[in-house]
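Residue numbers (the numbering used here): 102 to 177.
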């Protein structure tokens, strides 16, 4: 399943303009794969934390955090 998700994400990010990166990860992965991996891991993290209740009592709406992450990851 994760291979299918990454394939779809890489295809989607391949259609977007790519920014140059000088991070160490840039040497390991092409730009679309880097963005797909970042997208998947960050959103997976936010969702996992929300489902496990780790945002309870933190006085913010986790949906806003999720939306902010989505905007950040797709705005490049």
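We treat Cβ as the ideally placed atom computed from N, Cα and C, and that holds for glycine.
Burial check for residue 140: the Cβ neighbour count within 10 Å reaches 16 or more, so the residue is buried. If you check the CB distance, residue 136 and residue 174 come in under 9 Å. Look at residue 173 here: in three-state DSSP terms it is helix. Below 8 Å, too few C-beta pairs join the region 154-164 and the region 122-135 to call them touching: fewer than three. The C-beta distance from residue 144 to residue 138 rounds to 11 Å, too long to meet the 8 Å contact threshold.
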